[in-house]
């Protein structure tokens with residue numbers, strides 16, 4: 001509808017940036033009705049504006065209408081269907097009124113017009129404001145942006161559980177699933193499956209060295225199992241949550257908390273324990289691929305573990321992820337002998353975590369096998385000679401983009417090329433000081449993910465160790481196990497028991513001459529101890545490093561994140577114990593695990609406490625085993641808490 005001639009004269013039209021710039025330089029108060037093209041200006045206020053213009057007859061009062069769709073200065077008001085009035089003086093925003101409220105509009109016009117007169121006469125200063133609506137919009141946008149930065153879309157963590165033949169055949173499998181769902185566990189996939197012998201052997205290959213392995217395979221092939229894929233609704237950490245609900249593999253019904261676990265309620269032994277669940281992310285991935293190859297997990301929104309900051313924002317937005325990678329670094333003999341400390345310092349300063357380290361002496365035959373793809377190259381003979389000439393240091397490194405970052409730090413494989421094109425690279429800095437061919441570089445790095453796995457198998461083969469959580473730290477066992485699993489260990493087996501004095505004496509037989517020996521034995525029989533078989537690359541040395549020094553005070557000074565530093569009280573009550581060599585691992589495994597498993601086959605579950613007493617009595621009468629707890633250098637004499645010896649620069653501490 002065409003505007004009347006009077007309305008056009010009353011309100012100037014602002015249709016683009018030029019017309020607004022021409023109007024805003026006018027002296028006085030400009031009242032602008034900001035509108036959307038699809039709905040037009042507010043006609044309800046025209047009468048008010050006409051009356052005020054007539055009554056006041058003031059040349060400093062101007063009215064205008066502005067089309068938000070086409071004027072850039074008003075773009076923040078686009079899409080708003082509610083009338084909005086902006087008041088400008090001297091080109092500055094001095095007031096804003098939202099909605100049609102004639103009394104408010106009239107009052108605002110009169111007061112701001114008076115203010116403009118006072119500003120022009122020099123009696124007042126103009127007060128510029130920011131539109132509250134714009135401020136609120138900016139705050140809302142900032143809130144949305146911050147929320148997006150605090151959240152991220154990730155693949156939901158999944159795990160696999162197997163309801164074993166005993167509960168499927170007895171008809172309680174669905175009841176167990178119902179209990180899991182009541183605890184917030186979401187069942188994404190479910191199927192019945194009858195294991196073949198080959199499938200069972202592959203699925204349980206991580207316990208193939210256990211004496212009960214064949215019985216377990218026989219049981220799992222005796223009837224159908226129910227395979228379920230589990231997740232936490234809208235959350236992560238399904239693995240630890242489910243493991244807590246099902247309970248340990250070997251359990252004691254000696255507490256109200258334990259009685260509520262799935263295995264305590266429905267299991268009848270270490271093999272017939274109702275349910276299996278993945279114990280780590282790696283195991284969950286393997287087991288999911290076993291039954292559901294190619295399964296794609298749902299994507300969920302979670303809070304970032306570390307909100308994006310300026311130092312991380314560019315990397316995170318560029319990659320869309322921040323996954324930790326592993327790679328293997330090898331310091332060849334001369335690098336290990338001459339430059340180890342300086343190279344390790346540069347590695348740490350570059351953001352790498354040294355997850356594992358191992359000194360290894362390779363034979364020439366081993367080196368030739370490892371580098372067989374280089375056979376026939378002119379440098380092959382020199383390379384194998386250099387690599388087998390002395391001990392090497394292998395490091396398992398971890399950080400984001402570990403493979404690429406380590407290769408970048410290394411520089412070109414040719415020493416001359418490294419010096420010419422990448423003088424700051426490690427291969428340019430650290431070179432051979434003698435030898436026929438100084439062109440052999442001193443550092444190795446895995447070239448890709450496939451080579452990383454190959455190098456891990458060569459330099460860090462999986463081994464096992466025996467760990468114990470002592471009576472003084474038993475109440476913190478769940479926290480300690482979480483730390484153990486976070487360090488990459490897999491808990492292959494566990495047993496909770498109260499030691500007899502005879503077994504405690506055998507465990508610490510080589511401490512018998514120490515003044516603290518009786519106190520140590522009495523402490524070890526004072527309550528429950530949790531024994532575990534842990535598996536990982538370099539498990540023995542890795543567990544000893546995670547434990548920390550024997551004395552918790554020393555641990556606090558030298559390794560503040562170690563278990564003994566956090567949970568230990570004194571040299572006797574130092575939370576945990578670990579085997580120091582492979583022979584000790586085997587002896588303790590034979591004593592505590594094999595006999596308990598054999599006893600469990602012949603015991604009923606009618607009285608768990610009676611079973612435990614029976615096992616302890618059997619262990620107490622076993623006189624055929626001798627156990628010593630030694631440091632890695634067994635030939636060195638042990639020292640007591642009061643007497644520390646230093647030999648060859650290495651401290652020897654008797655581990656209690």
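In UniProt numbering, the protein residues as written are 1 to 656. Ideal Cβ placement from N, Cα and C applies to all residues, glycine included.
- According to DSSP, residue 182 shares a beta bridge with no other residue.
- With respect to the C-alpha of residue 288, the residue from 519, 203, 270 having the closest C-alpha is 203.
- Selection 228, 477, 292, 463 evaluated against residue 489 yields 463 as nearest (Cα-Cα).
- By the Cβ neighbour-count rule, residue 273 is buried, with 16 or more other Cβ atoms within 10 Å of its own.
- The continuous stretches of beta strand (DSSP E) do not include residue 214, which lies in the alpha helix (DSSP H) extending over residues 213-220.
- In the structure shown, residue 11 falls within a strand segment according to DSSP collapsed to helix, strand and coil.
- Counting only the Cα atoms, residue 236 lies some 56 angstroms from residue 126.
- Note on geometry: alpha-carbon atoms of residue 46 and residue 73 lie some 23 angstroms from one another.
- Sequence-distant partners of residue 205 (beyond 5 residues in either direction) whose C-beta falls short of 8 angstroms from its own C-beta are missing from its chain.
- Counting along the chain, residue 172 sits inside no alpha helix (DSSP H), nor does DSSP assign it H or E at all.
- Taking 8 angstroms as the cut-off, the Cβ atoms of residue 28 and residue 61 count as close.
- Bounds of the beta strand (DSSP E) holding residue 85 are 84-89.
- At the C-beta level, residue 42 and residue 33 come within 8 angstroms of one another.
- The residue from 428, 97, 161, 82 with its alpha-carbon nearest to that of residue 231 is 161.
- Restricting attention to 448, 510, 430, the CA atom closest to the CA of residue 332 is found in 430.
- DSSP places residue 33 in the uninterrupted beta strand (DSSP E) bounded by 29-35.
- CA-CA distance, residue 95 to residue 153, rounds to 42 angstroms.
- For residue 493, the beta-bridge partners assigned by DSSP are 533.
- Excluding sequence positions up to five before and after residue 168, its CB lies within less than 8 angstroms of the CB of 192, 223, 224, 225, 226, all in the same chain and listed in chain order.
- Residue 397 places its beta carbon 8 angstroms or farther from that of residue 360.
- Take residue 143, set aside five residues on each side of it, and no residue of its chain has a beta-carbon closer than 6 angstroms to its own.
- Runs of alpha helix (DSSP H) with 4 or more residues, each lying fully within the UniProt domain "Nucleoside diphosphate kinase-like" (462-600), are found at 477-486, 501-507, 517-524, 539-547, 552-558, 563-567, 582-588, listed in chain order.
- Taking a C-beta distance under 8 angstroms as the contact criterion, residue 569 and residue 531 do not qualify as a contact pair.
- Under DSSP, residue 63 forms a beta bridge with 11, 31.
- At a Cβ-Cβ threshold of 8 angstroms, residue 92 and residue 128 count as neighbours.
- Listed in chain order, the non-local C-beta contacts of residue 26 below 8 angstroms within the same chain comprise 62, local neighbours out to five positions each way being set aside.
- Secondary structure at residue 80: coil, using DSSP grouped into helix, strand and coil.
- The beta carbons of residue 149 and residue 302 sit about 13 angstroms from each other, so the pair does not count as a contact at 8 angstroms.
- Within the DSSP secondary-structure output, residue 51 pairs in no beta bridge.
- The residue among 260, 348, 66, 243 with its C-alpha nearest the C-alpha of residue 281 is 243.
- If you draw a 10 Å sphere on the C-beta of residue 51, you find fewer than 16 other C-beta atoms in it, and that means exposed.
- In this structure the segment 358-377 does not touch the segment 480-488; the number of beta carbon pairs closer than 8 angstroms is below three.
- In the structure shown, residue 190 adopts extended strand secondary structure according to DSSP, grouped into three states.
- For the pair residue 525 and residue 499, the Cα-to-Cα distance works out to about 5 angstroms.
- With fewer than three CB-CB distances shorter than 8 angstroms, the segment 548-558 does not count as touching the segment 463-480.
- Contact check for residue 239 against residue 163 fails: the beta carbons are separated by 8 angstroms or more.
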